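For reference, the structure is listed below as structure tokens.
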Amino acid sequence: MRVFVVCAAVAVMAVASAGARPVATPGVSSDEIHIGSSVPLSGEAAIAGNVARGIDAYFKYVNDKGGVLGRKLTYTYLDDGYDPGRAVNNTIRLIQQEQVFAVFSSLGTNNNLAVRKLLNDAKVPQLYVSSGATTFGRDYKKYPWTIGYIPPYSEEGEIYGRYVVKNIKKAKIAVLYQNDDYGRDLLAGMKRGLGKKAKSIVASVGYDPTSSDVQPQVTQLKASKANVLMVFAFGKFSLQAFNAVSRLGWKPQIFVNDVSSAASLMAIVPQKAANGSISIVFGKDPASPQWANDKGVKLFQSILRKYGNGASSRDLKDGYFTAGMATAYTLVNTLKKAGKNLTRQSLMNAATHLTERGNPFVLPGIVIHTTPTSRFPITQVRLQRWSKGAWRTFGPLVSAKPG
Amino acid sequence: MPIAAFTWTEFAQQLAAGIREGAIYAGLALAIVIIYRSTRVINFAQGEMATFTTFIAWSLMNQGLTFWEAFPIVLAIAFTGGVVIERTLIRPVENAPVLTIVIITVGLALLLNGLMSLIWGGANQQFHGPFSTRTIDVGGVPISVQDIGIVAVSVLLVALLALFFRFTKLGLGMRAAAVNRDSSRLVGVRVSWMFALGWGIATVLGAVAGMMIAPVVFLDPNMMQTILLYAFAAAVLGGLDSPVGAVVGGILLGVTITLLGRYVGFIGSTLKLPAALLLILVLLLVRPGGLFGKVAVRRV
Amino acid sequence: MRTRLWLELSAFVVLAAVVVLLPRFVSDFRARELAIVGMYFIALLGLSVLTGFSGQISLGNGAFMAIGGYTTAILSVDGFYGHQVRDLWTIPIAGFVAGIAGLVVGLPALRLSGLYLALITFGIAVSFPQLPKEFDHFFGGTTGKILNLAKPPFGLSTTANNWIYYLTWGIALVLLVAAWLLVRGKTGRAFKAIRDSEVAAVSSGISLGRYKTLAFGISAFYAGVAGSLYAIANAYVNPDVFPIILSVYLVVGLAVGGLDSLFGMIAGAALIYFLQNHADTVARWLNHLPALSLDPQKPGIPSVVFGIVLIAVMVLLPTGVGGLVRRLFGPLTTRLYTRS
Chain A
519 MRVFVVCAAV
529 AVMAVASAGA
539 RPVATPGVSS
549 DEIHIGSSVP
559 LSGEAAIAGN
569 VARGIDAYFK
579 YVNDKGGVLG
589 RKLTYTYLDD
599 GYDPGRAVNN
609 TIRLIQQEQV
619 FAVFSSLGTN
629 NNLAVRKLLN
639 DAKVPQLYVS
649 SGATTFGRDY
659 KKYPWTIGYI
669 PPYSEEGEIY
679 GRYVVKNIKK
689 AKIAVLYQND
699 DYGRDLLAGM
709 KRGLGKKAKS
719 IVASVGYDPT
729 SSDVQPQVTQ
739 LKASKANVLM
749 VFAFGKFSLQ
759 AFNAVSRLGW
769 KPQIFVNDVS
779 SAASLMAIVP
789 QKAANGSISI
799 VFGKDPASPQ
809 WANDKGVKLF
819 QSILRKYGNG
829 ASSRDLKDGY
839 FTAGMATAYT
849 LVNTLKKAGK
859 NLTRQSLMNA
869 ATHLTERGNP
879 FVLPGIVIHT
889 TPTSRFPITQ
899 VRLQRWSKGA
909 WRTFGPLVSA
919 KPG
Chain B
21 MPIAAFTWTE
31 FAQQLAAGIR
41 EGAIYAGLAL
51 AIVIIYRSTR
61 VINFAQGEMA
71 TFTTFIAWSL
81 MNQGLTFWEA
91 FPIVLAIAFT
101 GGVVIERTLI
111 RPVENAPVLT
121 IVIITVGLAL
131 LLNGLMSLIW
141 GGANQQFHGP
151 FSTRTIDVGG
161 VPISVQDIGI
171 VAVSVLLVAL
181 LALFFRFTKL
191 GLGMRAAAVN
201 RDSSRLVGVR
211 VSWMFALGWG
221 IATVLGAVAG
231 MMIAPVVFLD
241 PNMMQTILLY
251 AFAAAVLGGL
261 DSPVGAVVGG
271 ILLGVTITLL
281 GRYVGFIGST
291 LKLPAALLLI
301 LVLLLVRPGG
311 LFGKVAVRRV
Chain C
282 MRTRLWLELS
292 AFVVLAAVVV
302 LLPRFVSDFR
312 ARELAIVGMY
322 FIALLGLSVL
332 TGFSGQISLG
342 NGAFMAIGGY
352 TTAILSVDGF
362 YGHQVRDLWT
372 IPIAGFVAGI
382 AGLVVGLPAL
392 RLSGLYLALI
402 TFGIAVSFPQ
412 LPKEFDHFFG
422 GTTGKILNLA
432 KPPFGLSTTA
442 NNWIYYLTWG
452 IALVLLVAAW
462 LLVRGKTGRA
472 FKAIRDSEVA
482 AVSSGISLGR
492 YKTLAFGISA
502 FYAGVAGSLY
512 AIANAYVNPD
522 VFPIILSVYL
532 VVGLAVGGLD
542 SLFGMIAGAA
552 LIYFLQNHAD
562 TVARWLNHLP
572 ALSLDPQKPG
582 IPSVVFGIVL
592 IAVMVLLPTG
602 VGGLVRRLFG
612 PLTTRLYTRS
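Protein chains in written order, with this note's numbering: chain A, 519 to 921; chain B, 21 to 320; chain C, 282 to 621.
Quick look at the structure:
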């Protein structure tokens with residue numbers, strides 16, 4: 519009995535005395551800024567993890583040139599395998615153990631939703647989220663420490679819808695979409711873009727990411743006799759869709775969503791089905807001959823070669839690396855704007871009063887712009903078409919701004 | 021959300037796709053059953069072993085070989101690999117609890133998966149199968165040549181195995197060793213080599229399944245993970261100790277899942293597998309050994 | 282027999298002392314990690330009762346953890362008829378909801394045995410994550426449910442992580458004692474009898490139906506509590522928080538711990554936690570061996586490390602840590618490990 523009482527007393531004392539010591543501004547010292555991300559480096563979405571590698575290379579480049587206002591950038595990126603549960607663990611580790619200044623460019627809609635509350639409660643900036651869900655830019659009143667980056671999926675879908683109305687007569691649209699927020703955002707946006715012509719959608723089929731193959735879904739869509747196919751699918755499912763279209767002998771006008779449009783993916787599907795596909799883009803695609811002599815792309819490749827930690831020649835043509843560098847460029851600008859007296863609040867102020875022109879890694883003419891009430895940094899894109907093994911942009915800059 | 025109306029053409033195509041899916045499940049399920057029958061272990065690494073051998077085929081083809089040139093080489097490697105794994109990992113712990121051995125196969129699966137990412141990277145790769153991607157007209161319905169080819173190869177393989185088990189001495193030895201080890205030893209069957217042979221054959225089956233499905237779903241280290249789950253279900257459906265059951269179970273499962281997912285509205289894509297598993301559970305309540313399996317009856 | 286009792290009691294006291302004092306020597310974040318080890322430990326205690334003591338293999342306890350986690354999440358976020366429930370009170374509720382699910386699963390399990398049972402429970406683990414996706418209004422779909430962050434109650438001045446640690450390990454120690462008493466008592470003897478020979482058990486008058494189902498219920502209860510704590514610690518649930526592989530990892534932990542060794546489950550829990558989350562550290566240790574050069578950042582290395590360590594542990598310790606401890610400390614065990 520006495521043993522128990524002693525143990526209980528010790529327990530209470532231990533609980534009461536254990537405590538954490540708060541730090542002034544975590545992650546910032548006189549010569550260092552520590553930034554963190556949680557990205558997929560393994561699993562289904564591993565290629566998207568190249569975004570983090572692009573960021574890493576760009577930060578090293580900036581450090582060699584003196585850093586940001588005299589401080590070197592330290593970048594810690596952890597693997598979450600595209601799993602929101604692991605993203606939560608990683609993010610907690612980043613803020614508690616690694617004591618980062620800000621969490622930046624973490625990837626995945628659900629991943630970022632999972633950590634948004636805890637980051638905002640801890641007043642840690644959740645910057646330039648690598649996801650196109652509209653909520654990251656729209657819900658700033660509830661989550662003031664969060665800001666998105668890439669064009670919203672919903673607006674992307676709307677652009678496709680408007681294009682069909684304008685350019686395809688007697689369109690009959692079939693949609694293959696991933697059965698989660700990502701796919702459904704695109705679908706909802708597309709319906710908005712069709713406006714009165716929403717009846718043009720003759721079939722839409724969702725698939726679950728636990729499927730092994732989407733051929734049955736594509737078969738069902740073909741049976742609707744549609745002449746337009748929207749592929750709002752992720753990674754390998756997008757590949758399988760092209761495969762199925764080709765195998766079934768179907769020839770619709772295909773629209774493929776930006777996230778799945780990487781040249782490395784498009785190049786391995788049957789080209790008969792891929793040719794003529796339309797997508798949108800905001801960055802310069804290093805695999806496209808369109809930008810072969812572009813200064814920005816050349817800069818990208820020289821940085822990757824020197825600081826890319828063993829980048830292969832395939833990596834030099836990988837648009838995910840470029841997207842990472844574009845985001846990193848914006849972050850460095852934001853840090854400079856936040857000034858020498860760097861706090862998390864000054865960082866958020868800079869991030870919500872941004873006007874950035876001349877980012878070498880995005881399309882010419884794009885102005886990356888934010889205000890405290892409009893938190894969508896990139897809202898301009900161009901349409902592009904796949905032919906003869908490469909993407910080529912056409913037409914003017916189109917607005918993807920949420921109305 | 022508008023779903024296209026029923027047409028016989030589409031039904032035929034869905035059926036064909038289901039049979040093709042089922043053929044792949046059947047191949048893996050057969051591999052699982054062969055290993056279970058001999059060593060009483062569920063091999064969780066079956067899928068990863070299949071993907072690994074498919075990557076080897078892919079590498080060989082990248083070096084310039086055609087599919088049919090690489091095919092026998094890969095089968096030989098697969099067979100050897102299976103035998104080696106059985107000898108080095110399974111044999112030493114033969115007398116350990118079954119669960120321990122199953123955990124070793126889990127470790128093997130993780131190891132192989134990591135090795136694949138390490139050696140070949142995690143990105144999706146294109147795999148050029150032996151069948152063209154043309155479609156031909158079967159009674160007015162466009163069916164893919166590839167689907168027909170996959171089913172044909174699977175049927176051929178199963179037939180060859182059936183002949184092997186039925187008519188060769190080695191096959192007889194394997195069946196004997198699976199049924200009763202001690203009696204088999206008494207008549208001169210080298211039981212532990214029969215087990216190694218079983219693993220070798222199972223790995224070959226997995227390799228073929230992998231090479232058949234890779235052109236369709238694209239090759240990446242995680243290619244077989246979902247398919248393995250379906251294969252387990254098929255093996256249970258058919259009866260864990262019945263090779264015939266594995267094949268029938270595989271095809272039945274493939275067709276059922278595809279048609280359920282397409283034609284039963286509320287099931288759709290998300291609940292396909294749970295619905296199929298529920299049906300299998302109901303079946304098992306009635307026949308605890310699966311369709312063709314045997315379970316010892318204990319009257320108490 | 283008395284020696285064994287004293288050994289186990291002193292082991293418990295040592296464990297309790299370590300649990301109480303450890304956070305003073307480790308960082309705040311590490312305390313959180315140890316808390317999660319504790320959650321795995323709770324789940325493994327339940328699995329040990331089911332598989333180790335009553336001989337029924339379950340590859341589906343991850344689903345019971347998910348039931349517990351989702352119960353806590355739904356009660357905390359959506360509340361019960363509008364009232365949000367305090368996270369603490371949801372823990373026993375989560376346990377009971379999961380326990381009832383376990384009883385329900387236990388019923389058809391009566392007809393199945395051995396690996397058929399294992400694969401059907403595996404089927405449950407596979408199917409369960411699909412339910413939140415299908416009934417997304419109730420469960421939150423893939424977006425999941427976001428809870429309020431765990432805060433120490435009654436104004437105790439300590440960090441959130443330390444609170445989670447003491448909460449988890451407090452519950453773990455209580456549940457350990459409960460499990461220990463259970464297996465030493467009449468129910469435990471019935472379980473062991475069923476495990477060793479069903480025919481003999483029935484001949485001695487033990488009701489198979491009642492005890493086998495009870496074992497499932499108990500193990501599900503434990504898993505539900507563990508899942509509930511996990512939801513509280515993470516402040517987030519979605520189908521991927523309790524994936525299919527979790528059920529497999531639980532069985533891995535069970536085997537490493539030593540099937541029916543309750544104390545051994547700590548080793549199992551530690552292994553599955555650290556191999557999942559610190560494979561990079563292990564890779565760096567292994568680098569010290571000659572002829573090995575593993576770059577922890579390269580893709581696939583964590584899996585390779587996990588696989589190698591797992592195989593090595595199972596080959597070297599086929600009866601798990603518990604088996605090793607028994608060989609070292611206890612009198613020779615009379616249990617025969619039979620292959621079924």
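From the three backbone atoms N, C-alpha and C, an ideal C-beta is built for every residue, glycine too.
Here the structure is a predicted model, which is why all the values come from computation and not from measurement.
CB contact below 8 Å: residue i versus chain A
i, result
"residue 153 of chain B", "yes"
"residue 449 of chain C", "no"
"residue 79 of chain B", "no"
"residue 287 of chain B", "no"
"residue 33 of chain B", "yes"
"residue 467 of chain C", "no"
Residue i at chain B interface by Cβ criterion, 8 Å
i, result
"residue 383 of chain C", "no"
"residue 738 of chain A", "yes"
"residue 411 of chain C", "yes"
"residue 920 of chain A", "no"
"residue 392 of chain C", "yes"
"residue 588 of chain C", "yes"
Secondary structure of residue i, DSSP reduced to three states
i, result
"residue 209 of chain B", "coil"
"residue 644 of chain A", "strand"
"residue 161 of chain B", "strand"
"residue 919 of chain A", "coil"
"residue 823 of chain A", "helix"
"residue 926 of chain A", "Only positions 519 to 921 of chain A appear in the structure, and residue 926 of chain A is not among them; the question remains open."
Rounded C-alpha distance that separates residue i from residue j
i, j, result
"residue 808 of chain A", "residue 905 of chain A", "12 Å"
"residue 584 of chain A", "residue 878 of chain A", "19 Å"
"residue 304 of chain C", "residue 312 of chain C", "6 Å"
"residue 638 of chain A", "residue 385 of chain C", "41 Å"
"residue 293 of chain B", "residue 271 of chain B", "15 Å"
"residue 467 of chain C", "residue 490 of chain C", "16 Å"
"residue 305 of chain B", "residue 269 of chain B", "16 Å"
"residue 83 of chain B", "residue 142 of chain B", "20 Å"
"residue 165 of chain B", "residue 758 of chain A", "16 Å"
"residue 861 of chain A", "residue 592 of chain A", "16 Å"
"residue 294 of chain C", "residue 310 of chain C", "25 Å"
"residue 515 of chain A", "residue 459 of chain C", "Residue 515 of chain A lies beyond the stretch modelled for chain A, which goes from 519 to 921, so this question has no answer here."
"residue 171 of chain B", "residue 559 of chain A", "36 Å"
"residue 196 of chain B", "residue 102 of chain B", "20 Å"
"residue 497 of chain C", "residue 397 of chain C", "16 Å"
"residue 32 of chain B", "residue 221 of chain B", "33 Å"
"residue 812 of chain A", "residue 837 of chain A", "14 Å"
is_contact[residue i, chain C] using C-beta, thresh 8 Å
i, result
"residue 191 of chain B", "no"
"residue 242 of chain B", "no"
Those residues which DSSP pairs with residue i across a bridge
i, result
"residue 900 of chain A", "A:799"
Residue i CB to nearest heavy atom of the ligand NAP below 7 Å
i, result
"residue 164 of chain B", "For the ligand NAP, the structure offers nothing, since it holds no ligand at all."
Taking contact to mean 3 or more Cβ pairs, one atom from each stretch, closer than 8 Å, check whether the segment 339-346 of chain C and the segment 519-526 of chain C are in contact. yes
Any 3 or more C-beta pairs closer than 8 Å across the segment 63-81 of chain B and the segment 145-162 of chain B: yes
The segment 378-395 of chain C contacting the segment 511-521 of chain C, beta-carbon criterion three pairs below 8 Å: no
Is it a yes or a no for the segment 260-269 of chain B touching the segment 45-57 of chain B, going by three-plus beta-carbon pairs under 8 Å? Between the segment 260-269 of chain B and the segment 45-57 of chain B there are three or more inter-stretch CB-CB distances shorter than 8 Å, so the stretches are counted as touching.
State whether the segment 327-342 of chain C contacts the segment 475-490 of chain C, with contact taken as three or more CB pairs (one from each stretch) at a distance under 8 Å. Touching, yes.
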